[in-house]
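Peer 1: Counting in our numbering, the sequence shown runs from 8 upward without gaps. We put the CB at the ideal spot given by N, CA and C, even for glycine. Keep in mind it's a predicted model, so treat the numbers as computed, not measured. One structure is given below, represented as structure tokens, and several questions about it will come after.
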Amino acid sequence: MRAVLLKKVDDEFSVTIDDVSEDDLPEGDTLVSVEYSTINYKDGLAITNTSPIVRSWPMVPGVDFAGTVLMTESESLKTGDRVVLNGWDVGEKHWGGLAERARVQSDWLTAIPEEFSTYQAAAIGTAGYTAMLCVLALEDHGLTPERGPILVTGAAGGVGSVAVAVLSKLGFEVIASSGRVESEGEYLTTLGASELIHRDELAESGGRPLAKARWAGAIDVAGSHTLANVLAATDAKGCVAACGLAQGMDLETTVAPLILRGVTLVGIDSVHETPERRELAWNRLATDLDVNLLDALTTEVGLEEVPRVATDIVAGNIRGRVVVDVSS
Ligand code: NDP
């Protein structure tokens with residue numbers, strides 16, 4: 008089988024597209040024929056060796072994949088089932104999705120809703136599933152369209168694009184924050200954003216602990232000063248779902264929004280989410296994500312293009328989602 012292979016020998020890092028024996032796959036009770044994988048931000052960090060994402064070498068990267076069960080020892084699955092995998096440290100500690108086959112634990116797999124093709128499930132991927140976990144967190148907190156607009160940061164990226172599309176379909180007014188307002192403004196409006204702001208507005212340190220309230224809630228992929236400024240401008244009893252660190256992992260802020268406005272900061276960890284919550288998120292995507300918009304935010308590449316796309320995603324130059332056809 009063909010696979011992207013990351014190696015580190017004597018501190019020398021390499022990325023190759025290799026022929027790998029199926030016998031070398033790690034242990035697991037289920038063998039999946041991977042049809043599509045994708046490039047998420049974390050994959051970009053792993054494949055460019057920018058952050059210590061990979062914790063076992065050699066590694067097949069790819070934190071997600073969609074495909075069909077070939078063989079399983081599990082009673083809850085059968086050959087031919089269409090499945091998607093997101094997280095569970097796959098592509099970090101356990102060989103991941105950027106290969107024609109994957110051997111994994113059956114309880115890491117989620118059934119693909121019948122509304123989606125395998126390709127569309129991959130297009131959603133970990134970024135889209137995480138966007139839905141963020142939306143669920145805002146809903147759990149009682150946010151409805153009547154409460155006011157929702158801000159989405161990193162709006163032109165993978166998590167951001169799906170978040171904008173889902174929130175607007177649910178009837179929310181969406182404010183999209185992007186560093187690419189000029190080049191991607193039309194794209195974001197097509198996804199459903201009703202207002203665009205430049206991310207520079209939120210990027211600086213030293214902002215006021217409480218700013219004028221501008222949104223009822225937010226989905227933040229940036230972290231760092233952006234998250235601090237997002238919290239400061241969140242309306243009373245609002246909620247911010249934080250899932251990313253595209254600006255940075257640091258968070259220098261005050262408790263003012265929490266104790267003077269009752270704002271809630273919810274952390275989202277898609278990697279270790281429960282199977283029940285995953286199923287809920289995927290089923291909600293089936294009803295709340297317009298598949299025409301999904302197609303519009305997706306591009307496709309082959310395995311050979313993975314190193315280039317990894318560099319582009321770390322540089323913040325990828326729009327929406329990139330699906331990898333692992334057989335081409
Ligand atoms: P993408 O690269 O597709 O999107 C990230 C976007 O963030 C970019 O497109 C850009 O959007 C924006 N951005 C880039 N640099 C900066 C910056 N310096 N300051 C503010 N915004 C910036 O990545 P994904 O959508 O796949 O992932 C987004 C984030 O969410 C990542 O940090 C990722 O690690 C995290 N993540 C976390 C998960 C979890 O379980 N917690 C799961 C999935 C992702 P624009 O040009 O529009 O500004």
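1) Please work out which residues of its chain come closer than 7 angstroms, Cβ to Cβ, to D50, disregarding the five sequence neighbours upstream and downstream, and give them in chain order.
2) Under 8 angstroms from any heavy atom of the ligand NDP, does the C-beta of T196 make it?
3) Report the residue from R154, A200, S58, P120 whose alpha carbon sits nearest the alpha carbon of G74.
4) Does at least one heavy atom of the ligand NDP sit under 8 angstroms from the Cβ of T133?
5) Consider the C-beta atom of V166 and the heavy atoms of the ligand NDP; say whether any pair is separated by less than 8 angstroms.
6) List the residues that DSSP assigns as beta-bridge partners of I60.
7) Below 8 angstroms on the Cβ atoms is my contact criterion, and I expect S175 with G155 to pass it. Report the Cβ-Cβ distance as a whole number of Å.
8) Quick check: the Cα distance between T137 and D17, rounded to an integer number of angstroms?
9) With DSSP run on the structure shown, which of helix, strand or coil describes I182?
10) From the DSSP output, read off the bridge partner residues of M139.
11) Which whole runs of the beta strand (DSSP E) in the segment 21 to 95 are 3 residues long or more, in chain order?
12) Pairs of beta-carbons, one from the segment 139 to 158 and one from the segment 166 to 173, closer than 8 angstroms: are there three or more?
13) Can you tell me whether E202 sits near the ligand NDP, meaning its C-beta is under 8 angstroms from at least one heavy atom of the ligand?
14) Looking at the ligand NDP, does it come within less than 8 angstroms of N47, judged from the CB to the closest heavy atom?
15) If I follow the unbroken alpha helix (DSSP H) through L174, where does it start and stop?
16) What does H148 pair with, by DSSP beta-bridge criteria?
17) Using 8 angstroms as the threshold, is the segment 145 to 160 in touch with the segment 317 to 334, meaning 3 or more CB pairs across them?
18) Note down the Cα distance separating L84 from T125, rounded to an integer number of angstroms.
19) With distance defined between alpha-carbon atoms, name the residue in S113, L145, S185 nearest to M78.
20) Taking just the CA atoms, how far does G135 sit from E80?
21) What number of angstroms, rounded off, separates the C-alpha of F179 from the C-alpha of A225?
22) For the segment 307 to 314 and the segment 11 to 25, state whether three or more C-beta atom pairs, one from each stretch, are separated by less than 8 angstroms.
23) Shorter than 8 angstroms, the distance from the beta carbon of S184 to the closest heavy atom of the ligand NDP, or not?
24) What are the uninterrupted segments assigned as alpha helix (DSSP H) that are 4 or more residues long and contained completely in the segment 241 to 272, given in chain order?
25) Using the beta-carbon count (16 or more within 10 Å), is G251 buried or exposed?
26) Would you tell me roughly how many angstroms separate the C-alpha atoms of S40 and T241, rounded to the nearest one?
27) Going by DSSP, what residues sit across from R108 in a beta bridge?
Peer 2: Here's the rundown:
1) P68, G69, V70, G98, A317
2) no
3) P120
4) yes
5) yes
6) Per DSSP, none; premise fails for I60.
7) That belief does not hold up - the Cβ atoms of S175 and G155 are roughly 14 angstroms apart, past 8 angstroms.
8) 35 angstroms
9) strand
10) Partner(s): none; M139 has no beta bridge.
11) 37 to 45, 71 to 79, 89 to 93
12) yes
13) no
14) yes
15) 165 to 176
16) Beta-bridge pairing links H148 to no other residue.
17) no
18) 17 angstroms
19) S113
20) 29 angstroms
21) 11 angstroms
22) yes
23) yes
24) 263 to 267
25) buried
26) 45 angstroms
27) S40
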